[in-house]
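Read the structure below first, then the notes.
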Amino acid sequence: MDAFSQGPEEPSAVENHDGDGREWWRDAVMYQVYVRSFADSNGDGVGDLPGVASRLGYIAGLGVDGIWLNPFYKSPQQDGGYDVADYFEVDPLFGTLADFDALLGRAHALGMRVLVDLVPNHTSSHHEWFRAALESPPGSRERDRYIFRSGRGPGGAEPPNNWQSVFGGPAWSKVSDADPQAAGGVPAQWYLHLFAPGQPDLNWECEEVRLYFDEVLRFWLERGVDGFRIDVAHGMIKHEDLPDLDVPEEATGDPDPSGMSGDGHPYWDRDQVHDIYRRWRKILDSYPGERVFLAEAWVKTPARLARYLRPDELHMAFNFDFLKCDWNASDFTRTITSTLSNLAEVGAAPTWVLSNHDVVRHVTRYGGGPAGLSRARAALLLMLALPGSAFVYQGEELGLPEVTDLPEDVLQDPTFVRTEGRVRGRDGCRVPIPWEPSGPGLGFSTGAPWLPQPASWSELSVSQQSREANSTLALYRRACDLRRNHLRPLLAGPDFSWVDAAQGLLAFKRGDDFSCVVNCSDSPAELPAAATAAGPVVLSSASPASSLLPEPAASGANRLIPANSALWFARMPS
Ligand code: GLC
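Laid out in C-alpha cells, this is it:
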C-alpha cells in the first residue's frame, strides 16, 4: 500500500509522535484550516478538500501535529457551512467523500491528526428534518426536533420571547400566521434560531436528536477522524420555559456572549449540556486510537470551562480568555495563572489560541502595522512556551492582518446584513491565503477568490516568506521545530513557574533549563537574571530590523530584551 492509499476502513493510524506514552493532545500544536480560504483546486474561487490535500506537505512542514477542518458538509452556505443540510455528505463546493478520505489518509501518512467540525446546536433550514417540520402541524413529532412555539400577543404576532440572534435581530422567525379556523384557534408559529434564520436550533430534549448525533459521530469515527471540534458547545440546552432575558443580548460582532451570561442563563452554559458530553465520550472511547473532543465554549469563567473538561467529558476547550487578552503583561499573567489553576483541578490540558475564523486577526488586534506584527510574533513564542496545546489559525504563520476594507458587496457574513451594516462581520479574517507573490488569487486559485486579497499580500505570500530567513513563516517553522523536536523533554510536562520581572514583562520557567521572557512594553527592558540563567537564547521573535539584544545602557546592568518581543532561553537536551 502506498503512503496515500489509507482508506476509511483504517482507524486513526497516527502514533504518539515520539512514542513516549503521553497523550498526544496534551501538548499538540494544531493548525486550523478554513477550507474555503485555504487552497482552491478547481478554479471556482473557493477553497476545497483536494486543495487542502495538495497543501498538506506545507502544513506538515510547519511542524504541527494535526489539523482542524472547518465544516465542509453539504450546506447552502448561509453561515460559511455552519448551516449543515446533510451531516453525512461533503458539499460539492468542497469535493466528495472520496476526496475527504484521500485527505485523511494523506494527513495520517504524514503523521498528522485530523479533527472535523461538529455542528450540533442547529441544522440548516435546508436539512430534511426542518423541511419536514415545516410541512407538519404544530405538536407533531417533526416539529419536536426543533424549538417551535406560539407567538405572544394577539394572534401570536410577536416572537415567543425577547431573545436576540447572535448575528442580530430576533432569535425567532415566524412560519405561519394565526389560524382562527383551526379548532380552538392556533396562534402564529415561530421557530428559534440563536444564529441566522437558516440555522434552526435543534431540541436536545428530543431523544431522536440525541440518537441522530450518535450516528453522526460514528459515521466520521468509522472513516478514521481523530476527533471533533464541537461548535457552540455551550448552547445546546435551553431553559424549558424559554424565559425572557432581563436584558436581551445585542449583536456586537463579538462571538463571546458570556459578558451577558450568568448563572442560570436560559441558553448559554446550562448544566444539562454535560449529560450530552458524557454520552458522547462513551461513544468516542469505544473507538481505537486516542481520539478527542475539542469544545468551542464561550463561558463566563475558567472555572465554568473546566466543567467541560472533567475526565468523562471533553478533552480540550479553546481558551478564549487568552485570545481576548490585550497586548498587556498583566492581562496575560492573570489569564495564564487562572487557566493553569482551574484546569489543573480537573486534570485537563490547558490550551492556547490567538486567532480563528470568528475574530479579528491578532496582528490587527495588537495594534496593526510593524508593532502589531512584532507583538504577534512574540505572542507565538509565549503561546508555544506554555504548558498545554496550541492552535494556529491559517495565515497567522504569514503574519496576515485583518482585511478591514473589503467592499460591502463582497461581504458574506450574515452578521453584516442582520445588523443592517452596523457590524461588518468576520469576513476580514477569512480572506484566502496568498501562496505566491503574483498571479490570479496569489496562487490560491486560478479564478477570482471568493473574497479579494489585498495587493500588499503578495509580499506576505508563502513562497516569498519561504525565501526569507527572518520571515514570520520562518519563525513559526523554527518555533514549532524547536518545541517538537528539541525542547519537548523540557516543555511537554506541566512544570511552570513565574519569574519576577519588571513591569510590562512576563517571564516564566519550565523547569530549570527553559525560560521564556516576553516584553509587552514599547521600550527595551532589562531581562530578569533568573530567566537568563536557564541557558543561552535559542529563539527570538524580534525581526532583524530591531537589534536582537541591545547592549545594556550602563555597565553592570542586566541584558536587555527589545520592545514587543519574546525570547526563549534553554539548555538544549542532548
Ligand atoms: C461558531 C462558529 C461560527 C458560527 C457559529 C454558528 O461560533 O465558529 O463561525 O457562525 O458557531 O454556528
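Those letters in the sequence shown? Residues 687 to 1260, by this note's numbering.
We put the CB at the ideal spot given by N, CA and C, even for glycine.
### Query
Name the DSSP bridge partner or partners of GLU1212?
Beta-bridge pairing links GLU1212 to LEU1246.
#### Entry: Endpoints, the alpha helix (DSSP H) within which TRP876 is located
Careful: TRP876 lies outside any alpha helix (DSSP H), inside the beta strand (DSSP E) at 875-878.
### Query
At which residues does the alpha helix (DSSP H) containing TRP815 begin and terminate?
Boundaries of the alpha helix (DSSP H) around TRP815: 814-821.
### Message
Can you determine whether any heavy atom of ligand 3 sits closer than 7 Å to the C-beta of PHE881, and answer yes or no?
### Response
Absence of ligand 3 is noted for the structure shown, with ligand 1 being the only ligands found.
### Message
Tell me which residues share the same chain as PRO883 and place their Cβ nearer than 6 Å to its Cβ, disregarding the 5 neighbours each side in the sequence.
### Response
Closer than 6 Å at the Cβ level, and outside the excluded window around PRO883, lie SER859.
### Beta carbon of VAL985 nearer than 8 Å to that of ASP940
Cβ distance not < 8 Å, so VAL985 and ASP940 don't count as in contact.
### Query
Would you say the beta carbon of PRO941 comes nearer than 7 Å to a heavy atom of ligand 1?
Yes, ligand 1 has a heavy atom inside 7 Å of this Cβ.
### Message
What I want to know is whether the C-beta of ASP765 ends up closer than 7 Å to one or more non-hydrogen atoms of ligand 1.
### Response
Annotation for ASP765 indicates a beta carbon within 7 Å of some heavy atom of ligand 1.
### Task
May I ask you to list the residues that DSSP assigns as paired with MET1002?
Paired residues: LEU980.
### Query
At a Cβ threshold of 8 Å, is ARG829 touching chain B?
Of the protein chains in this structure there is only one, and it is not chain B.
### Query
Whose CA, out of GLU935, LEU1086, PRO757 and LEU1177, lies closest to the CA of PHE853?
Minimum Cα distance to PHE853 is reached at GLU935.
### Query
So which of LEU1191, LEU801 and TYR744 has the shortest CA-CA distance to SER1016?
Of all alpha-carbon atoms in LEU1191, LEU801 and TYR744, the one lying nearest the alpha-carbon of SER1016 is that of LEU1191.
### Query
Would LEU715 pass as a contact of VAL1046 if the rule is Cβ separation under 8 Å?
It should be noted that the sequence gives Val, not Leu, for residue 715. VAL715 is not a Cβ neighbour of VAL1046, given a cutoff of 8 Å.
### Query
Nearest to ARG1104 by alpha carbon, out of ILE753, ASP730 and GLN764?
Nearest option by C-alpha distance: GLN764.
### Query
GLY839: which of VAL933, SER1041 and ALA864 sits nearest, CA to CA?
Minimum Cα-Cα distance from GLY839 among the listed residues VAL933, SER1041 and ALA864 corresponds to ALA864.
### Task
Out of CYS1206, LEU1168, GLU828 and TRP1254, state which residue places its alpha-carbon closest to the alpha-carbon of GLY660.
The structure shown does not extend to residue 660, since the chain is modelled only from 687 to 1260, so the question has no answer here.
### Message
Suppose contacts are defined by Cβ-Cβ distances below 8 Å. Is ALA1228 in contact with SER1251 by that definition?
### Response
Taking 8 Å as the Cβ cut-off, ALA1228 and SER1251 qualify as a contacting pair.
### Burial state of SER1041 (16 or more Cβ within 10 Å)
Looking at its Cβ environment, which holds 16 or more other Cβ atoms inside 10 Å, SER1041 is buried.
### Task
Report whether the distance from the Cβ of ASP917 to the nearest heavy atom of ligand 1 is below 7 Å.
At least one heavy atom of ligand 1 is nearer than 7 Å to the Cβ of ASP917, so yes.
### Identity of the residue in SER740, GLY733, ASP927 and HIS1001 nearest TRP711 by Cα
For TRP711, the nearest C-alpha among the options comes from HIS1001.
### Task
Would you check if the distance between the CB atom of TRP876 and the CB atom of ARG817 is smaller than 8 Å?
No, the Cβ-Cβ distance between TRP876 and ARG817 is not below 8 Å.
### Whole beta strand (DSSP E) elements within the segment 738-772, 3-residue minimum
Look at the segment 738-772 and you find these whole runs of beta strand (DSSP E), each 3 residues long or longer: 752-755.
### Task
Inspect the beta-carbon positions of ARG1112 and HIS1043 and report whether they are closer than 8 Å.
Cβ atoms of ARG1112 and HIS1043: closer than 8 Å.
### Query
Taking the C-alpha atoms as reference points, what is the distance between SER862 and ARG829?
The alpha-carbon atoms of SER862 and ARG829 are separated by roughly 13 Å.
#### Entry: Distance, ARG799 Cα to TYR717 Cα
Each residue's Cα considered, the two are about 10 Å apart.
### Query
Is DSSP giving LEU1234 helix, strand or coil here?
Caution applies to LEU1234, whose pLDDT of 47 falls short of 50 and renders its modelled position unreliable; the value that the coordinates give is listed next. Coil, per DSSP.
### Message
At a threshold of 7 Å, does GLU982 count as lining ligand 1 (C-beta to nearest heavy atom)?
### Response
Yes, the Cβ of GLU982 comes within 7 Å of a heavy atom of ligand 1.
### Query
Going along the chain, which residues of its own chain have a beta-carbon closer than 7 Å to the beta-carbon of SER1033, five neighbours each way excluded?
Here residue 1033 turns out to be Gly, not Ser, going by the sequence shown. Cβ neighbours of GLY1033 within its own chain (closer than 7 Å, five residues either side excluded): PRO997.
### Query
Using DSSP with H/G/I as helix, E/B as strand and the rest coil, what is ALA1252?
Strand, per DSSP.
### Query
Any heavy atom of ligand 1 closer than 7 Å to the Cβ of TYR759?
Not so, every heavy atom of ligand 1 lies at least 7 Å from the Cβ.
### Message
For GLY1058, count the other beta carbons within 10 Å of its own beta carbon; 16 or more makes it buried, fewer makes it exposed. Which is it?
### Response
So GLY1058 counts as buried.
### Message
Could you tell me the alpha carbon to alpha carbon distance between PRO929 and GLY950, rounded to whole angstroms?
### Response
The alpha-carbon separation between PRO929 and GLY950 amounts to approximately 11 Å.
### Task
Would you identify the three-state DSSP class for GLN718, choosing helix, strand or coil?
Secondary structure of GLN718 (DSSP, three-state): strand.
### Query
For HIS812, is the beta carbon positioned less than 7 Å from some heavy atom of ligand 1?
No, Cβ of HIS812 sits at least 7 Å from all heavy atoms of ligand 1.
### Cβ-Cβ distance between ASP734 and GLY781 below 8 Å
Yes, Cβ-Cβ distance for ASP734 and GLY781 is below 8 Å.
### 8 Å Cβ shell around SER1232 - same chain, five flanking residues per side excluded
Low per-residue confidence applies at SER1232: pLDDT is 45, beneath 50, and the placement is therefore not dependable enough to give any value.
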